[in-house]
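Asker: Protein chains in written order, with full-length UniProt numbering: chain E, 1 to 258; chain V, 1 to 356.
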Ligand SMILES: Nc1ncnc2c1ncn2[C@@H]1O[C@H](COP(=O)(O)OP(=O)(O)O)[C@@H](O)[C@H]1O
Ligand SMILES: [Mg+2]
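As structure tokens, this is what we get:
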């Protein structure tokens, strides 16, 4: 299921503004890779280039290569819609569809893509909600609106919605930053379970979270405001937090800036 | 130890509570102001009750300030004055509305009955009593219905284009033309269709010609209100759907439109209400017809606003015709009110659910 991501020489623009420059890295399958770095250094932008969501923003433009196993996501004949089915995404703020029930939210990906068997839908929803550790909390009210859940439950609902379409990779952009500590813990546990099945990339502002959940950590930085963000280094999480090879990483992690 | 001890404040001097006017005082002041206003009006022999009312309104605001300032202090007095000004403004705004409805209802019910609703003016002249508005109701429903059928798809698609796809010069041009269309007077829309459809292309007067002119008035309203509703849909929902691998057109159809359908429906209903009362283009293009003509594509029809106008205009002051005009006005108001209620119902029914 899970696939490896190979990025080389990736640069992304918003109109004429270069947001990130020349990023190359490898993301291992069945592992959690964390992105850390100061605000505005392009973590979200980079994450969104990995499932071609960047070009949804007006003026969004990408140069470089992103290989998913051996296929270039930015190849000429690649359909961005197909890419997004393979590489799912969870956003910073929980965003369940307000017109849909809990069940319909989880089923949305399959239904809207039109690729499902009616008889299987119930099983997929149950499996996805179980996969997101939400089943026990909502199994009695699947027909209630998703917006009636707490923030943490909504975020797990969004994760269930994302994994229901069986992606290979799951991108998460600060999935816990709008949540309380207990909901955060629930999601961190969930990430630990999901990495058995998916390749996971998570952006986080919380250094402890990166240390707790990730196998590898990438540190991004920018030389000055308005300059493009760059990848400083990527390594085993333990090494990044104990003995990074670049001074800036150590300064950032020990709280000397950022 | 110094002898500067702290003494607790005497009750009522420096505590958090202060003298308050009783809750019924605004009503008492209002009653007093109206009484004095009437007294002054009668005493000075002012003929118009509007003058009495204005005097009472001014007295109410001044009296509120004076009494509150004396009892409660300046700050509370200003607060009360602001409240009373809002009330006075509200009542001033409501009076014309209420009196209009009162006038229409009291004059309209005289001839309004089942016979009136189910008969045309086919066998009576405009001078005689009798007859009805069946033909005008048919005309209004068909013309407004056709105009809606033309305007809603065009308006919806235009708004979707502008919000979801439109970038650059074409979108700017479309926005500009919609703005221009919003400002077109209804008589101009009527004249345009008259010269184009009837004088140049040679078609006859018909309900459909009127519908086209009404569409010109309706489309920009639909575009504008739909645009605003689509912009209210959070971008996060679009991105959530796109990130699931849903194509953009399906995202719009299945996520964006359902989220905003309540507001869009309300906008469409208000647009219908706006064109249902149009007279000028109907006068030019539908022409008017005392007989029942159920075919909107062939020959003159009537419509409620046109009927009202013609009963007033062509009857030489016959009281029977005036009664019919008021009754038709009442039916038109009721029709638009029902549309508004339906719109509200749909908006509430379709609104995104937030209940726990
Ligand atoms: N929608 C956008 N339009 C234009 N510039 C943007 C947009 N989103 C982000 N940027 C710019 O791109 C840079 C990187 O932003 P972002 O990826 O959000 O950083 P991070 O997630 O690390 O805080 C910033 O300079 C930001 O101003
Ligand atoms: Mg970000």
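Ideal Cβ positions, reconstructed from N, Cα and C, are used throughout, including at glycine.
As the structure is a prediction and not an experimental result, all values here were calculated from the model.
Please list, in chain order, the chain V residues whose beta carbon lies closer than 8 Å to that of residue 199(E).
Answerer: What residue 199(E) touches in chain V: nothing, since even the nearest Cβ is about 16 Å away.
Asker: Looking at ligand 1, does it come within less than 8 Å of residue 77(E), judged from the CB to the closest heavy atom?
Answerer: The answer is no for residue 77(E).
Asker: According to DSSP, is residue 159(V) part of a helix, a strand, or is it coil?
Answerer: helix
Asker: Threshold first: 4 residues or longer. Then list the alpha helix (DSSP H) segments lying entirely within the segment 26 to 110 of chain E, N to C.
Answerer: 43 to 49 and 80 to 86
Asker: Under 9 Å between the Cβ atoms of residue 334(V) and residue 307(V)?
Answerer: no
Asker: Quick one: which chain V residues come within Cβ less than 9 Å of residue 81(E)?
Answerer: 242, 245, 246, 247 and 248, listed in chain order.
Asker: Below 8 Å between beta carbons is the criterion; list the residues of the segment 24 to 54 of chain E that meet it against any residue of chain V, in chain order.
Answerer: When CB distances to chain V are screened at a threshold of 8 Å, the residues of the segment 24 to 54 of chain E falling below it are 51 and 53, in chain order.
Asker: How would you list, in chain order, the residues of chain E whose beta-carbon sits under 7 Å from the beta-carbon of residue 254(V)?
Answerer: 112
Asker: Just verifying my parser: in three-state terms, what is the DSSP assignment at residue 127(V)?
Answerer: coil
Asker: Check whether chain E comes within 9 Å of residue 251(V), counting only Cβ atoms and requiring the distance to be less than that.
Answerer: Chain E, which has a Cβ nearer than 9 Å to the Cβ of residue 251(V), makes this yes.
Asker: Which value, in whole angstroms, describes the spacing of the CA atoms of residue 208(E) and residue 94(E)?
Answerer: 22 Å
Asker: Report buried or exposed for residue 3(E), applying the criterion of at least 16 other Cβ atoms within 10 angstroms of its Cβ.
Answerer: buried
Asker: Go ahead and pull the three-state DSSP assignment for residue 301(V).
Answerer: strand
Asker: Using C-beta distances below 7 Å, list every residue in its chain close to residue 261(V), excluding the 5 sequence neighbours before and after it, in chain order.
Answerer: 350
Asker: Excluding the 5 residues flanking residue 159(E) on each side, which residues of the same chain have their C-beta closer than 7 Å to its C-beta?
Answerer: 90, 132 and 190
Asker: Whose C-beta lies closer than 6 Å to the C-beta of residue 213(E) among residues of the same chain, with five residues either side of it excluded?
Answerer: 32, 188 and 191
Asker: Below 8 Å CB to CB, which residues in the same chain sit around residue 182(E) once its five sequence neighbours on both sides are set aside?
Answerer: Excluding five sequence positions before and after residue 182(E), the CB atoms of its chain that fall closer than 8 Å to its own CB belong to 152, given in chain order.
Asker: The alpha helix (DSSP H) spanning residue 249(E) covers which residue range?
Answerer: 247 to 253
Asker: Given a cut-off of 9 Å on the beta-carbon distance, is the pair residue 35(E) and residue 237(V) in contact?
Answerer: In this structure, residue 237(V) does not lie closer than 9 Å to residue 35(E) by Cβ.
Asker: Under 5 Å from any heavy atom of ligand 1, by CB: list those residues in chain order, please.
Answerer: Ordered by chain, the residues meeting the criterion of a beta-carbon within less than 5 Å of a non-hydrogen atom of ligand 1 are 14(E), 19(E), 39(E), 40(E), 41(E), 42(E), 43(E), 44(E), 45(E) and 57(E).
Asker: Who are the near neighbours of residue 356(V) in its chain, counting only those whose CB is closer than 8 Å to its CB and skipping five residues on each side?
Answerer: Model confidence at residue 356(V) stands at a pLDDT of 41, short of 50, so the residue's coordinates are unreliable and nothing is read from them.
Asker: Scan the segment 252 to 281 of chain V for residues whose Cβ lies nearer than 7 Å to a Cβ of chain E and list them as they occur along the chain.
Answerer: 254, 255, 258 and 259
Asker: Determine the DSSP secondary structure at residue 23(V), reduced to helix, strand or coil.
Answerer: coil
Asker: In or out: residue 103(V) buried (at least 16 other Cβ within 10 Å) or exposed?
Answerer: exposed
Asker: Out of 96(V), 57(V) and 122(V), point me to the one whose CA is closest to residue 88(V)'s CA.
Answerer: 57(V)
Asker: Distance cutoff 9 Å, beta carbons only. Does residue 345(V) sit that close to anything in chain E?
Answerer: no
Asker: Rounded to the nearest angstrom, what separates residue 156(E) and residue 114(E) at their Cα positions?
Answerer: 24 Å
Asker: By Cβ distance, which residues of its chain are closer than 6 Å to residue 65(E), with the 5 residues on each side in sequence left out?
Answerer: 8 and 72
Asker: From residue 345(V) to residue 42(E), what does the alpha carbon distance come to, in whole angstroms?
Answerer: 46 Å
Asker: Under the three-state reduction of DSSP, which class applies to residue 243(E): helix, strand or coil?
Answerer: coil
Asker: Just to check, is the beta-carbon of residue 83(E) closer than 8 Å to a non-hydrogen atom of ligand 2?
Answerer: no
Asker: Per DSSP, which one or two residues make a beta bridge with residue 172(E)?
Answerer: 90(E) and 202(E)
Asker: I need the straight-line Cα distance from residue 310(V) to residue 337(V), nearest angstrom please.
Answerer: Spanning the two alpha carbons is a distance of roughly 23 Å.
Asker: Could you give the DSSP three-state label for residue 216(E): helix, strand or coil?
Answerer: strand
Asker: Output the distance between the C-alpha atoms of residue 302(V) and residue 148(V), rounded to the nearest integer angstrom.
Answerer: 18 Å
Asker: For the alpha helix (DSSP H) that contains residue 179(V), what are its first and last residues?
Answerer: 168 to 182
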